[in-house]
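The sequence shown begins at 4 in my numbering and counts up one residue at a time. Backbone N, C-alpha and C fix where the C-beta goes; we use that ideal spot for every residue, glycine too. Nothing here was measured: the structure is a model prediction, and the numbers come from that model.
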Amino acid sequence: MSNPFNRAAYLLAAHVPRQLPPDDGFEVAFAGRSNAGKSSALNALCRQNALARVSKTPGRTQQLVYFELPPHERRFLVDLPGYGYAKVPRELQAHWQAFIADYFAHRQALRGLVVVMDIRHPLKDYDRQMIQFAVRNGTPAHALLTKADKLGRGAAGNTLQAVRRELQAQHGEQVSVQTFSSESKAGVDELRAVVARWMEIGAPAPGAD
Ligand code: GDP
C-alpha cells in the first residue's frame, strides 16, 4: 500500500473551539516545543516538503491547524500550537492553555497524541504536561525523539531506554516511545504505523511513499 499520508492538505486553522470541524472523525494531534522538529516530522510523515509551513505563518502559531488526508474520510492530522515562544503575550498563553485543556478533555475524535521532542532535550515540563493531558483523558501518547541523527547510535539508544522507562513507569502502556530523524528519515515507517493504527486506516508497507 502506498503512504496514506502523502495527500495531506491544509484544511483549516481554529482559534476557538467553535471553529473546529465536527467532532465525528479520527484525529491525531502533534505537539512540541518550538524548534523541537515538529514541522519537519509532519513533513517527513507525509513526505511533503512544505506541508507544515502553514502552521508557522504569523497569526497561526496559536491555532490548531488541521490537515485532511484524502482519500480517507474524516481523518485529520492536527498541528497544536508550538509552545515555548518567549514572546507570546500572557493572555494568549492563557487562552491557548484553556483551549488545549478543553480540546483534550472533550474531543471525541482525538485518537492519539504525538509529542515531538529534540532527543538531546527530552521531557521538559511542557512535554510532560501534554502527555498528562492526553493520558488523563484516556488518549494514548507517542513520544517522538527526533534529531536522532545528532547523536551517536549508542547515545540515542540510551536516551530511548531512559525516556521509555520513565514514561512507562508513570503511564504504563498508554505511552510509547521511538527515535526519529527527519533528516535521515529513520523511524518514519514506525511513526506512520502508529498514526495509521490510531486512525484505523491500513498500515503502510515499510518504505512506502
Ligand atoms: P518546529 O519549530 O518544532 O516545527 O521545528 P522545525 O521542524 O522547524 O525544526 C527546527 C530546526 O531543527 C530546523 O532547523 C530543522 O531543519 C531542524 N531539524 C528538524 N528535524 C531535524 C532532524 O531530524 N535532524 C536534524 N539534524 N535537524 C532537524
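*asked:* Please report the straight-line C-alpha distance between A97 and R123, rounded to a whole angstrom.
replied: Along the sequence shown, read from residue 1 onward, the residue named residue 97 stands at position 94. Along the sequence shown, read from residue 1 onward, the residue named residue 123 stands at position 120. Cα-Cα distance, rounded: 28 Å.
*Name, in chain order, the residues that DSSP records as bridge partners for F70.*
Translated into the one-based positions of the sequence shown, residue 70 becomes position 67. Answer by DSSP bridge pairing, in chain order: Y13, L80.
*In angstroms with no decimal places, state the Cα-to-Cα distance between V20 and F102.*
By 1-based counting over the sequence shown, the position of residue 20 is 17. By 1-based counting over the sequence shown, the position of residue 102 is 99. Checking the sequence shown, residue 20 turns out to be Pro, not Val. If I take the Cα positions, the gap works out to 7 Å.
*Between the beta-carbon of K59 and the beta-carbon of S42, is there less than 9 Å?*
In the sequence shown, the residue the question calls residue 59 occupies position 56. In the sequence shown, the residue the question calls residue 42 occupies position 39. Cβ atoms of K59 and S42: closer than 9 Å.
*Which of the three DSSP states, helix, strand or coil, is assigned to E94?*
Your numbering for residue 94 matches position 91 in the sequence shown. Residue state, collapsed to three classes: helix.
*asked:* Judging by CA-CA distance, which residue of V180, R93, R78 is the nearest neighbour of P125?
replied: As a first step, residue 125 must be located in the sequence shown, where it is residue number 122. Ranking the options by Cα distance to P125, first place goes to V180.
*Mapping DSSP to helix, strand and coil, what is S42?*
Counted from its first residue, the sequence shown places residue 42 at position 39. In the structure shown, S42 sits in a helix (DSSP, three-state: H, G or I).
_Counting C-beta neighbours from all protein chains within 10 Å, is the total for K188 16 or more, i.e. buried, or is it exposed?_
By 1-based counting over the sequence shown, the position of residue 188 is 185. Label assigned to K188: exposed.
*Beta carbon of K41: closer than 8 Å to some heavy atom of ligand 1?*
Residue 41 sits at position 38 when you count from the first residue of the sequence shown. Within the cutoff, so yes.
*F33 - containing beta strand (DSSP E), residue span*: As a working note, residue 33 is residue 30 in the sequence shown. Taken as a continuous stretch (DSSP letters only), the beta strand (DSSP E) holding F33 covers 29–35.
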